[in-house]
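Undergrad: Before anything else, here's the structure in question.
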Amino acid sequence: MCGFLGKISLDSFSDENLKNANNRIVCRGPDETKFLDQNILETDDTFFSFVFNRLSIIDLTKTASQPMLTKNKENLIMFNGEIYNYKELKEILLRKGIDFNSKNSDTEVLLKGLSYFGLDFVNEIIGQFAIVFYEIKNKKIHLIRDRVGQKPLFFNLSERSLIFGSNLISVADLSNEKQVNDKEIGNFFNYGVIKSPNTIYKNIYKLKPGEIISFNLKENFQAQNYIYWSPIGKIDEKIFIDDEFYELFSSSVNYRLESDVPVANFLSGGLDSSSIIKNLFDNNKDINTFSAIYSDKKYDESLWIESVKEKYQTNHIQEKLDLNLDFETLLEVINVFDEPYCDPSIIPSYMLSRSISKEYKVAISGDGGDELLGGYIRTSFSLNESNMFRSLYSNIYTFYPSFLGTGNHFLKNKRSISDRYASFFEDRKLMSIIGIDDYSEFKNEIFVNLEDKYKSLLATDYNFYLPEMMMLKVDRTSMANSLEVRSPFVDHRLIEYVMSHDTNYFDTTNQKLLLKKYLSDDFNDDFINRRKMGFVFNLESFIFSNLDKIKQHLTQNNQHLENNLDILRKLSKNKSRINAIRILKLIIFAEFTKV
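In our numbering, the protein residues as written are 7 to 601.
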């Protein structure tokens with residue numbers, strides 16, 4: 007799939023505005039663009055216009071095009087994403103006597119399923135999706151986002167109209183709502199992202215993961231919303247059985263092979279991607295793998311990649327990424343994101359997606375493995391109870407100079423587990439440099455406080471880091487290159503299994519033990535227990551060698567942060583990685599708030 011944009015109104019409007027805004031949908035080289043307006047239905051009391059840019063992956067024929075209508079023209083659907091279990095769902099609908107026009111379209115399965123069963127049909131779906139379901143006859147329109155926020159869905163609501171889309175900038179263009187939400191500036195500089203339901207713009211919102219919002223056109227777009235899925239609702243203490251988990255994992259991988267075009271696998275050489283490829287090998291699947299290696303030996307994992315490729319006899323493509331960027335390329339990558347988001351890994355992620363898209367439209371990734379199995383260092387560290395000495399040590403944070411760093415080194419020793427975990431995400435020291443009031447919301451609005459502390463951290467990652475940051479990065483960098491990325495580890499059935507079973511599988515001193523056991527017969531200890539390497543590159547070298555261009559950029563775009571050059575000077579005195587990330591935040595913010 008790719009992207010969509012639509013407007014529905016009680017007053018007439020020009021379709022040309024929608025067509026112009028459609029050009030901002032981040033999807034390079036769609037296979038098809040299709041428009042649909044009220045003239046198709048001959049309506050005289052409701053006006054609408056929809057457009058869909060399609061990347062054809064399942065059912066490549068025109069019968070699978072969107073927007074899609076039922077034969078009686080009573081219901082309409084647009085959706086971005088993939089429904090992996092659509093064949094089983096189609097069989098259920100066929101047994102109900104429902105006819106299908108297409109041969110193999112997951113879109114038509116969604117349309118017919120929602121039309122027959124109603125919104126409860128969403129609970130049967132395995133996939134990633136942002137759905138617009140329009141009940142034309144009943145004059146109701148429903149916006150639906152997938153359980154873990156893999157696909158975004160934005161909307162603007164006014165007295166007489168609703169504008170919605172899979173891309174923030176296109177919704178902002180069509181609604182002409184580009185007033186910066188000053189309340190969210192602090193959140194961006196603190197976390198590097200703006201958490202749903204808010205966006206950088208005052209009157210444009212984003213659905214939360216697992217949320218449905220319904221609008222009644224008969225009552226001037228009166229809205230009702232609810233969360234249909236949350237990992238917190240699955241908490242239980244059943245006995246964890248490794249083989250049950252592996253069986254679910256295998257099912258998750260197998261579902262993500264469903265495609266009418268060839269599927270590749272990202273191969274980083276890490277535990278997550280290696281486990282996926284082992285599963286394919288054990289199930290006698292043909293395996294296409296793609297790896298990107300750095301010319302900088304410091305970040306090179308080609309030794310481990312080679313081990314996996316040889317062990318599982320994959321059809322392998324490898325490309326060397328040269329991350330000697332220029333400033334213009336950085337701005338290109340930033341603008342792939344239609345909302346301000348700061349993570350240095352967006353740059354290699356974008357280039358990796360661009361490289362693999364030369365050969366494939368679909369790729370399977372290991373994203374979500376760390377959130378599922380507590381694989382981050384912050385998880386184990388936060389679970390270690392703080393003693394009196396560590397607690398006293400944390401007090402040094404108060405006196406720690408802001409230009410030296412976030413102070414995580416001190417805060418991660420706080421007594422409260424929520425404070426310890428928050429320290430890995432927040433940068434309140436940067437807020438003090440900028441002059442923004444310190445108002446941390448992590449403990450009250452982000453941290454999930456459960457009796458089981460380990461599950462608290464998992465639930466917090468599913469509440470914040472995975473949907474708001476990780477999935478955002480994966481979706482935007484891939485879609486900008488017309489690549490659909492599928493992630494078996496974010497299958498909701500796996501998440502439910504982990505949340506509803508005991509935590510005996512987890513070891514704070516030996517993280518991701520489940521995957522290490524899974525791979526242990528195929529690889530030695532050097533491979534399985536090596537130090538985790540993130541998807542990083544030498545950001546500090548790039549930032550501090552481009553200070554003149556950065557200064558020029560900030561000078562030209564300083565409408566909402568008039569002291570940004572002073573901030574740049576302060577941060578440039580200490581050429582650390584954290585200050586490079588902070589300067590990247592300044593660049594990104596200036597780019598998204600320029601007039």
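Positions of the beta carbon are idealized from the N, C-alpha and C atoms, including for glycine. As the structure is a prediction and not an experimental result, all values here were calculated from the model.
Name, in chain order, the residues that DSSP records as bridge partners for Phe161.
TA: DSSP lists Phe170 and Tyr211 as partners of Phe161.
Undergrad: Exposed or buried, which one is Ala229 when buried takes at least 16 other CB atoms within 10 Å?
TA: Its Cβ having fewer than 16 others within 10 Å, Ala229 is exposed.
Undergrad: For Ile594, count neighbouring C-beta atoms within 10 Å of its own C-beta (all shown protein chains included) and say buried if the count is 16 or more, exposed if not.
TA: Ile594 is buried by the Cβ-count criterion.
Undergrad: Roughly how many angstroms separate the alpha carbons of Ile352 and Tyr382, rounded to a whole number?
TA: The alpha-carbon atoms of Ile352 and Tyr382 are separated by roughly 19 Å.
Undergrad: Since I believe Gly276 is in contact with Gly372 (beta carbons under 8 Å), could you give me their beta-carbon distance rounded to a whole number of angstroms?
TA: Yes, they are in contact, since the Cβ atoms of Gly372 and Gly276 sit about 7 Å apart, within 8 Å.
Undergrad: Within a Cβ cutoff of 6 Å, which residues of the same chain sit near Asn159, ignoring the five residues on either side of it in sequence?
TA: The sequence given here places Leu at residue 159; Asn does not occur at that position. Closer than 6 Å at the Cβ level, and outside the excluded window around Leu159, lie Ala136, Leu149, Arg151 and Leu213.
Undergrad: Between which two residues does the alpha helix (DSSP H) containing Leu389 stretch?
TA: First-last of the alpha helix (DSSP H) with Leu389: Ile383 to Leu389.
Undergrad: CB-CB under 7 Å to Ala178, same chain, minus the five flanking residues each way: which ones, in chain order?
TA: If we look at Ala178 and ignore the five residues flanking it on each side, its Cβ neighbours are Lys184, Tyr207 and Ile210.
Undergrad: Taking the alpha carbon of Leu625 as the point to measure from, which residue in Ile238, Ile311 and Leu16 has its own alpha carbon closest?
TA: Outside the shown range of the chain (7 to 601) lies residue 625, about which nothing can therefore be said.
Undergrad: Should Asp376 be labelled buried (16 or more other beta-carbon atoms within 10 Å of its own) or exposed?
TA: By the 10 Å Cβ count, Asp376 comes out buried.
Undergrad: Can you tell me the Cα-Cα spacing of Asn419 and Ser397, whole angstroms?
TA: Distance between the alpha carbons of Asn419 and Ser397: 6 Å.
Undergrad: I'd like the ranges of any beta strand (DSSP E) spanning at least 3 consecutive residues and lying wholly in the segment 175–234.
TA: Fully enclosed beta strand (DSSP E) runs of 3 or longer: 217–222 and 228–233.
Undergrad: Measuring only the C-alpha atoms, how far is Asn390 from Gln134?
TA: Distance between the alpha carbons of Asn390 and Gln134: 35 Å.
Undergrad: Hey, which unbroken runs of the alpha helix (DSSP H) at 4 residues or more fall wholly within the segment 518–564?
TA: Listed in chain order, the complete alpha helix (DSSP H) runs (minimum 4 residues) inside the segment 518–564 are 519–525, 531–534, 545–550 and 553–562.
Undergrad: How should Gln267 be labelled, buried or exposed, when 16 other C-beta atoms within 10 angstroms of its C-beta is the threshold for buried?
TA: Per the sequence shown, the amino acid found at residue 267 is Val instead of Gln. Val267 comes out exposed.
Undergrad: What did DSSP end up calling Phe615 once you bin it into helix, strand or coil?
TA: Residue 615 is absent from the structure shown; the chain starts at 7 and stops at 601.
Undergrad: In angstroms, rounded to a whole number, what distance separates the CA positions of Ile655 and Phe255?
TA: Here the chain comprises residues numbered 7 to 601, so residue 655 is not present and cannot be evaluated.
Undergrad: Does Ile63 pass the burial test, meaning 16 or more other C-beta atoms within 10 Å, or should it be called exposed?
TA: Its pLDDT being 49, under 50, Ile63 is placed unreliably in this model, and the coordinates cannot settle the point.
Undergrad: Per DSSP, what are the beta-bridge partners of Gly133 in this structure?
TA: In DSSP, Gly133 forms a bridge with Ile89.
Undergrad: Would you mind sorting Thr295 into buried or exposed? The rule is 16 or more other CB atoms within 10 Å of its CB.
TA: Burial call: buried.
Undergrad: Where do the ends of the alpha helix (DSSP H) carrying Glu447 lie?
TA: Run containing Glu447: none; DSSP gives neither H nor E here.
Undergrad: Please classify Gln517: is it buried, with 16 or more other beta-carbons within 10 angstroms of its beta-carbon, or exposed?
TA: Gln517 should be labelled buried.
Undergrad: Take every Cβ of the segment 469–484, pair it with every Cβ of the segment 335–348, and state whether three or more of those distances are shorter than 8 Å.
TA: With the cut-off at 8 Å, the segment 469–484 and the segment 335–348 touch.
Undergrad: Would you please state the rounded distance, in angstroms, between the beta carbons of Asp112 and Tyr92? I believe it to be under 8 Å.
TA: Confirmed, Cβ separation roughly 4 Å.
Undergrad: Tell me where the beta strand (DSSP E) around Ser146 begins and ends.
TA: Inspection of the sequence shows that residue 146 is occupied by Lys rather than by Ser. Segment Lys146 to Arg151, the beta strand (DSSP E) holding Lys146.
Undergrad: On a Cα-Cα basis, can you pick out the residue from Leu223, Gly87, Glu307 and Lys523 that is closest to Glu165?
TA: The option with the nearest alpha carbon to Glu165 is Leu223.
Undergrad: Looking at the structure shown, is Asn401 part of a helix, part of a strand, or coil, going by DSSP?
TA: Helix.
Undergrad: Between the segment 110–127 and the segment 83–99, do at least 3 Cβ pairs fall closer than 8 Å?
TA: Short answer: they touch.
Undergrad: Using the C-alpha atoms, what's the distance from Lys367 back to Gly35?
TA: For Gly35, the predicted structure reports a pLDDT of 46, less than 50, and the residue's modelled location is therefore unreliable. A value from the coordinates is still provided. Approximately 11 Å between the Cα atoms of the pair.
Undergrad: Ends of the alpha helix (DSSP H) at Thr76?
TA: Here Thr76 belongs to no alpha helix (DSSP H), and DSSP marks it neither H nor E.
Undergrad: If you follow the beta strand (DSSP E) that Ser297 is part of, which residue opens it and which one closes it?
TA: From DSSP, the beta strand (DSSP E) with Ser297 extends over Asn294 to Tyr300.
Undergrad: Just to check my reading of the structure: Asn187 and Asn204 have Cβ atoms closer than 8 Å, yes? What is that Cβ distance to the nearest angstrom?
TA: That pair is a contact at about 6 Å.
Undergrad: Please state whether DSSP places Gly119 in a helix, a strand or coil.
TA: Gly119: helix per DSSP, three-state reduction.
Undergrad: What are the uninterrupted segments assigned as alpha helix (DSSP H) that are 4 or more residues long and contained completely in the segment 468–517, given in chain order?
TA: For the segment 468–517, whole alpha helix (DSSP H) runs of length 4 or above, ordered along the chain, are 477–485 and 498–505.
Undergrad: Taking just the CA atoms, how far does Lys240 sit from Ser422?
TA: Going from the Cα of Ser422 to the Cα of Lys240 covers about 25 Å.
Undergrad: What residue from Asn78, Tyr122, Leu464 and Lys40 has the CA that sits closest to Met84's CA?
TA: Residue Lys40 is the option with its Cα nearest to Met84.
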